[in-house]
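Residue numbers (the working numbering): 8 to 888. Beta carbons are placed, not taken as given, at the ideal position from N, Cα and C, and that holds for glycine.
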């Protein structure tokens with residue numbers, strides 16, 4: 008096999024014409040359409056066979072394989088069918104132990120196909136097996152894979168099917184036996200990485216019959232000068248992929264011509280998605296704007312499957328509610344009726360709502376309980392037409408179905424009836440494992456985008472070309488060996504020393520050569536954009552040492568953009584609202600008291616919740632949400648207090664259940680009884696605590712649910728105080744709570760956590776013109792009612808047993824974090840100053856994602872948008888830890 012060193016296209020002139028003298032065979036990493044286009048630009052005509060892939064060439068040498076080659080979907084289905092027999096499964100106890108896991112057979116097929124490429128034929132597989140046993144000993148999992156390979160070969164032989172490995176082996180044997188010949192005497196083999204052993208065996212067989220000229224992709228581009236001059240190379244460090252993309256496009260937009268720029272990426276979903284999103288923000292086009300996760304994450308795809316999933320899962324209300332909102336008139340009224348009716352699942356649940364029941368019944372006729380795949384495809388197409396989805400959704404799902412139906416047709420299972428739920432789960436798995444959508448037509452004027460592991464493009468001809476490396480991680484330069492569930496890393500290293508199997512060193516060398524060949528294409532200094540934190544907020548491996556290890560690169564670190572280390576408690580000023588100080592104008596002047604509480608707990612939460620008014624619409628669930636349960640207990644406790652504790656807990660519960668908003672799911676007897684039992688336990692506990700409190704303190708209830716207002720910094724804050732008691736020396740403020748974690752006075756004074764009580768106290772003091780001698784929570788739980796958290800001033804609380812307090816308001820010990828030795832007047836003035844300071848910052852536009860208690864982050868609904876994940880500091884629930 009000859010190796011040719013060329014830097015132009017003239018060597019391929021003999022592949023042109025109606026009777027070409029040679030074929031150009033493209034390895035993986037090269038695009039056939041690009042090379043065809045280049046040939047046409049040279050003014051040369053070509054035939055269909057002039058430029059083809061290795062797969063096409065091998066299949067042409069085994070003509071009976073046409074229509075019998077199994078694609079991935081068919082192979083997976085054949086594995087499932089073949090391993091159904093319990094007697095056969097008994098031979099693979101380790102491999103099939105986890106066969107019920109999602110996508111198990113997909114993983115098994117990938118491991119089998121990858122392993123089959125590591126030996127040229129069945130005889131070599133036996134040699135590899137014996138050598139591994141000799142060197143590393145018997146390993147049950149590996150031996151089961153060798154046995155599975157023999158079983159798979161037998162299935163393919165008996166049923167006259169082919170996979171890629173069998174096609175290559177059959178073609179190689181026929182070439183060696185002289186049973187087949189090509190129409191040409193010469194082949195140009197264009198490759199990027201070293202071939203697998205089975206593919207190499209195929210090429211070695213071809214050299215016996217004709218001339219094979221091997222061309223390495225790195226030799227097609229600009230080469231290093233004979234004088235040994237180094238490639239000038241710039242290195243820029245940014246905080247994250249998102250930041251790096253913005254800086255990258257800033258750099259690109261400095262030039263006027265996109266033809267002089269090209270981006271080379273490591274092909275990972277997060278890299279492509281980030282580039283695509285930022286390019287759209289900047290109004291730039293990419294030549295290949297594919298999104299690898301589009302099928303998985305697109306809401307349109309979920310909408311396309313909504314009716315199928317709804318019927319397959321027997322009409323659960325969480326799916327029916329959005330369907331009603333989309334397809335039925337008077338959706339708001341119908342949704343309300345569904346919630347009030349208590350419908351949970353099953354068609355019969357919706358009998359009380361005729362419009363919904365009739366529409367769902369028609370859907371059930373459209374999707375029978377047992378159905379064949381072609382009929383399912385027709386039903387799904389009708390659903391997609393009704394949903395008026397984008398054209399690409401239908402195109403993508405039709406592509407999946409077409410391949411799927413073809414696979415089942417090959418196996419004779421095309422018209423087999425299966426339950427609807429089976430097809431749904433299979434379809435969802437195929438969407439997850441489907442290759443990304445590729446745009447049929449590229450944006451001719453778009454920015455060129457290439458993969459760092461693909462072959463060098465011949466379309467890079469600008470004399471001012473600049474290559475930008477983006478999203479290339481340290482992992483690219485240390486790629487995994489040819490390992491899978493079959494061959495471990497140790498297995499591969501042992502075999503690499505004696506057989507032509509690429510090990511870790513060889514793969515690393517190939518990755519470095521690929522990277523260097525792209526850098527050599529740049530006519531101006533190439534630029535490497537490094538990011539320090541990945542999309543999960545974890546720190547990445549620094550690239551400085553790796554880049555400096557290239558002898559051919561002259562690396563210059565041009566600039567380092569702000570990077571936020573993990574040791575910082577938060578990103579601080581980075582998350583300041585992008586509004587000049589003093590320029591933020593509130594669109595409203597009235598806020599609930601909870602705004603002040605949110606501002607103290609986490610300013611960013613206050614901004615998102617009260618100024619941006621971001622919220623998630625929660626459909627009813629099978630359990631009562633925390634705030635709904637709190638409202639129910641509040642109503643029951645208020646009923647007990649207003650009736651001087653002379654009514655029973657059961658009477659209070661009945662009143663509260665009748666007066667608070669209904670939760671439809673609790674009309675289930677089992678759930679209703681559980682809720683009732685829990686609420687009655689809370690009320691019994693409260694009655695015991697309340698009688699003891701009144702006897703101990705001598706306080707009397709003077710108001711419940713009293714509306715108060717507080718005016719500060721030109722804003723009005725309004726709220727409703729759960730309860731106010733009259734004490735001999737002033738008033739007592741009580742706030743009922745059912746939540747599990749409450750801030751004490753120390754936390755409020757030191758880190759502004761839980762400002763709602765001080766805000767109520769200030770408003771109450773101004774309204775009633777009396778001193779607030781206590782502001783504390785009444786924590787309502789089934790086991791105990793706790794009144795010892797909040798602002799408990801020493802003068803009116805028991806503290807140590809030896810202390811003499813005439814009318815103690817609590818039983819808090821002297822070491823309680825809620826016990827305050829200062830006078831109430833001084834404390835409320837200090838809290839007033841703190842609130843005014845926070846409000847001034849808010850009016851200047853400063854809303855930091857800096858929570859008073861970091862443990863709150865794990866439960867925060869705004870965590871995904873505040874940047875805390877990108878901070879890199881771990882988000883930990885202190886209670887659970």
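Three-state class that DSSP yields for residue i in the structure shown
i, result
"residue 455", "strand"
"residue 142", "helix"
"residue 853", "coil"
"residue 345", "helix"
"residue 247", "strand"
"residue 568", "coil"
"residue 540", "strand"
"residue 435", "helix"
"residue 492", "coil"
"residue 270", "strand"
"residue 584", "Caution applies to residue 584, whose pLDDT of 38 falls short of 50 and renders its modelled position unreliable; the value that the coordinates give is listed next. Residue 584 falls in the coil class under three-state DSSP."
"residue 754", "helix"
"residue 474", "strand"
"residue 291", "coil"
"residue 621", "coil"
"residue 597", "strand"
"residue 533", "strand"
"residue 744", "strand"
"residue 22", "helix"
"residue 558", "coil"
"residue 69", "coil"
Residue nearest to residue i in terms of C-alpha spacing, selected from the options
i, options, result
"residue 39", "361, 58 and 129", "58"
"residue 804", "796, 797 and 818", "818"
"residue 271", "454, 716 and 338", "454"
"residue 126", "717, 849, 503 and 606", "503"
"residue 27", "118, 518, 190 and 697", "190"
"residue 791", "691, 66, 859 and 346", "691"
"residue 721", "597, 495, 861 and 752", "597"
"residue 81", "482, 845, 536 and 113", "113"
"residue 385", "616, 412, 367 and 364", "412"
"residue 222", "245, 198, 210 and 243", "198"
"residue 172", "443, 159, 858 and 182", "159"
"residue 281", "498, 251 and 693", "251"
"residue 303", "443, 183, 681 and 169", "443"
"residue 725", "717, 259 and 284", "717"
"residue 894", "470, 801, 614 and 436", "Any property of residue 894 remains undetermined from this structure, which presents the chain solely from 8 to 888."
"residue 767", "738, 715 and 568", "715"
"residue 729", "737, 712 and 656", "712"
Sheet register partners of residue i (DSSP bridge)
i, result
"residue 187", "DSSP, once it has assigned bridges, lists no residue as partnering residue 187."
"residue 513", "DSSP output for residue 513 lists no bridge partner at all."
"residue 781", "739 and 799"
"residue 792", "787"
"residue 563", "241"
"residue 377", "426"
"residue 60", "33"
"residue 169", "76"
"residue 826", "799"
"residue 546", "540"
C-beta neighbour in chain C for residue i, strict 7 Å
i, result
"residue 287", "In the structure shown, chain C cannot be found, because there is only a single protein chain."
Residue i beta carbon near the ligand FAD (any heavy atom closer than 6 Å)
i, result
"residue 21", "With respect to the ligand FAD, the structure offers nothing, as it holds no ligand at all."
For the segment 668 to 737, list the alpha helix (DSSP H) runs that are entirely contained and at least 4 residues long, ordered along the chain. Listed in chain order, they are 676 to 704.
Are three or more beta carbon pairs between the segment 651 to 664 and the segment 811 to 820 nearer than 8 Å? no
For the segment 314 to 365, list the alpha helix (DSSP H) runs that are entirely contained and at least 4 residues long, ordered along the chain. 324 to 334 and 338 to 348
How about the segment 389 to 406 and the segment 301 to 309: do they share at least three Cβ pairs that are nearer than 8 Å? Yes: the two stretches touch, three or more of their Cβ pairs being nearer than 8 Å.
Quick test of the definition: if touching needs 3 or more C-beta pairs under 8 Å, does the segment 861 to 874 touch the segment 833 to 850? no
Is there contact here, the segment 120 to 138 with the segment 161 to 181, by at least three beta-carbon pairs under 8 Å? Proximity of the segment 120 to 138 to the segment 161 to 181 meets the contact definition, three or more beta-carbon pairs being nearer than 8 Å.
Would you call the segment 824 to 838 and the segment 782 to 799 in contact, with 3 or more CB pairs under 8 Å? With a cut-off of 8 Å, the segment 782 to 799 and the segment 824 to 838 count as touching, because enough Cβ pairs lie within range.
May I ask you to verify whether the segment 475 to 482 touches the segment 91 to 107, counting CB pairs closer than 8 Å and requiring at least 3? Not touching, per the Cβ criterion.
Three or more beta-carbon pairs under 8 Å between the segment 682 to 701 and the segment 778 to 794, yes or no? yes
Specify whether the segment 251 to 268 and the segment 536 to 555 touch according to this definition: at least 3 beta carbon pairs, one from each stretch, less than 8 Å apart. yes
Is it a yes or a no for the segment 851 to 860 touching the segment 769 to 786, going by three-plus beta-carbon pairs under 8 Å? no
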